[in-house]
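Reviewing the structure listed below.
2 protein chains.
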Amino acid sequence: MKVSREQAAENRDRIVETAAQLFRERGFEGIGVADLMKEAGLTHGGFYGHFSSKEDLIAEASARALMRSLALFTSVAERGADPLSAIASAYLTSRHRDNPGEGCLLAALGSDVSRHGPTVRRAVTGHLRSAVDLLAGLVPGKSKARRRQKAISTYATLVGAMVMARAVDDRALSQEILDAGQASVKA
Amino acid sequence: MKVSREQAAENRDRIVETAAQLFRERGFEGIGVADLMKEAGLTHGGFYGHFSSKEDLIAEASARALMRSLALFTSVAERGADPLSAIASAYLTSRHRDNPGEGCLLAALGSDVSRHGPTVRRAVTGHLRSAVDLLAGLVPGKSKARRRQKAISTYATLVGAMVMARAVDDRALSQEILDAGQASVKA
DNA sequence: ATTATCTATAGATCTATAGATAATGC
DNA sequence: ATTATCTATAGATCTATAGATAATGC
């Protein structure tokens, strides 16, 4: 039942990808190691050959999801004439709202992160620093401090609006929240 | 071991209060029924005389936490000359950040709410409607639609900034996030 | 007599480990 | 020979229930 070294690396990678999606969909506590391995096409026991603990995987899967988000931010920003508007338009969509498994980790698991281990939190901290640096370079503003401040508050608005749009049980209100977030960033 | 009807009502109330705090501190999945009852000074089995399920308590505890927040918003808004600034100042503090158990449910459990039952989500929806109505009445703005939009995006900024400030592993960055959120609301 | 609470436990689930198995890589 | 994966299971924990207990409220 052994596989090639290359295949093993692929398997490991698939576990991380599967976890990155399922954690965002169901929460860190919403899926167990056994189910996760089954979704990745492997058996329960094999997990601990790749990771030392579930927390270890949580950290790695989170880091990967965050890296993807940053890459997407960069590519979206490069596209349009007004980068911040472009990011807000891409972020605050019903598609993103309805597919948390492929979306922003902060919106999907933000409040859970603060209750988890130092490795996840370090990954989030690193991501936020990079994202703020990126956005601060795109925002118009008098001083560097002002641009950083605008970058941070913009990101906060996006995350907060997505959390609220997902929490709400009413499609019209949910859409109103997405629209209000976009309008505020573009104002 | 029976207690008076009045005492039983008090016990039930204490379970809800304890849950409202512990859920916000540790997450809905972070504390079990047994530990929760112990914290409330009762035994595990007694729980199901008061509630039909843990989900039932989650809904009731969430509704209570949200009601408290709305009351606080109202009282803070009445205090100052600039109500929105007053709310931002009261919300985005290190004290709030470091005490999620007594703070905003959306910041503490926002991303978990979307993964839970219809009763919790209905409570959040009702709260958001009330909070937006309240804030929209306090915001300056040309049209009613503009004031609503500003109310929603302001609340989103507060929630997002608190989630980010708590997720981050660095005190300076965390403080910078709180400050940026405040500056943005007050601008 | 009713009922709020207690003790005890069923049944499910979860993380992690031990040891067997079989294919790779030297 | 090494090692990636598998089967099986230990040990802990979690929700919910059953039945006993003892104090209230008629």
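For the record, the sequence lines run as chains A and B.
Everything in the first sequence is counted per the numbering used here, starting at 3 for the first residue and increasing by one.
Everything in the second sequence is counted per the numbering used here, starting at 3 for the first residue and increasing by one.
For every residue, glycine included, the Cβ atom is placed at its ideal position computed from N, Cα and C.
Here the structure is a predicted model, which means the values were calculated and not measured.
Taking only the alpha-carbon atoms, compute the straight-line gap between B/Val-78 and B/Thr-156 and give it to the nearest angstrom. Whole-angstrom Cα-Cα distance: 15 Å.
Check whether the stretch 113-123 of chain B touches the stretch 164-172 of chain A, counting contact only when three or more Cβ pairs, one atom from each stretch, lie closer than 8 Å. Touching, per the Cβ criterion.
Cutoff 7 Å; reference A/Val-122; Cβ partners in own chain excluding five residues on either side: Cβ neighbours of A/Val-122 beyond the five flanking positions: Ile-60, Ala-61, Ser-64 and Val-115.
Starting from the Cα of A/Gly-34, find the closest Cα among A/Arg-14, A/Val-18 and A/Lys-56 and give me that residue. A/Gly-34 has its Cα closest to that of A/Lys-56, out of A/Arg-14, A/Val-18 and A/Lys-56.
Within 8 Å (strictly less), CB to CB, does B/Asp-114 reach chain A? Cβ-Cβ to chain A under 8 Å: yes for B/Asp-114.
Please work out which residues of its chain come closer than 6 Å, Cβ to Cβ, to A/Ile-154, disregarding the five sequence neighbours upstream and downstream, and give them in chain order. So the list reads Val-134, once near-sequence residues are dropped.
May I have the straight-line CA-CA distance separating B/Arg-7 from A/Asp-171, to the nearest angstrom? Computed Cα separation, rounded: 36 Å.
Which bits of chain B does A/Val-165 rub up against, with CB to CB less than 9 Å? Ordered by position in chain B, the residues that pass the 9 Å Cβ test against A/Val-165 are Leu-108, Ala-109, Gly-112, Ser-113, Val-115, Ser-116, Ala-158, Val-161, Gly-162 and Val-165.
For A/Ile-60, return the contacting residues in chain B, with the cut-off set at a CB-CB distance below 9 Å. Within 9 Å of the CB of A/Ile-60, no CB atom of chain B is found; the nearest one sits about 13 Å away.
Which whole-angstrom value describes the C-beta separation of B/Arg-26 and B/Gly-103, a residue pair presumed to lie in contact below a C-beta threshold of 8 Å? Under the criterion of beta carbons closer than 8 Å, B/Arg-26 and B/Gly-103 qualify as touching, at roughly 5 Å.
Can B/His-52 and B/Arg-14 be called in contact, C-beta distance under 8 Å? Contact: yes.
Taking only runs that begin and end inside the stretch 50-122 of chain A, name each unbroken alpha helix (DSSP H) of 4 or more residues, in chain order. Here the runs fully enclosed are 56-81, 85-93, 96-100 and 107-115.
Label A/Gln-9 either buried or exposed according to how many other C-beta atoms from any shown protein chain fall within 10 Å of its C-beta, with 16 as the threshold for buried. A/Gln-9 is exposed by the Cβ-count criterion.
Starting from the beta carbon of B/Leu-68, find every residue of chain A whose beta carbon is closer than 8 Å, and list them in chain order. Neighbours of B/Leu-68 on chain A: none; closest Cβ ~11 Å, over 8 Å.
Any alpha helix (DSSP H) of 4 or more consecutive residues that is wholly inside the stretch 115-187 of chain B: Entirely contained in the stretch 115-187 of chain B, the alpha helix (DSSP H) runs reaching 4 residues are, in chain order, 120-140 and 146-169.
For A/Leu-140, decide whether its Cβ has a neighbour in chain B, counting only Cβ atoms nearer than 8 Å. With 8 Å as the cut-off, A/Leu-140 does not count as an interface residue toward chain B.
Interface residues of chain B around A/Asp-171 at Cβ under 8 Å? What A/Asp-171 touches in chain B: Pro-120, Arg-123, Arg-124, Val-126 and Thr-127.
For A/Ile-17, does the three-state DSSP call read helix, strand or coil? In the structure shown, A/Ile-17 sits in a helix (DSSP, three-state: H, G or I).
Given that B/Gly-32 touches chain A, what residues does it touch there, using C-beta distances under 7 Å? By Cβ distance, chain A contributes Arg-117.
Alpha carbon to alpha carbon, what distance is there between B/Leu-180 and B/Gly-105? Taking C-alpha positions only, B/Gly-105 is separated from B/Leu-180 by approximately 15 Å.
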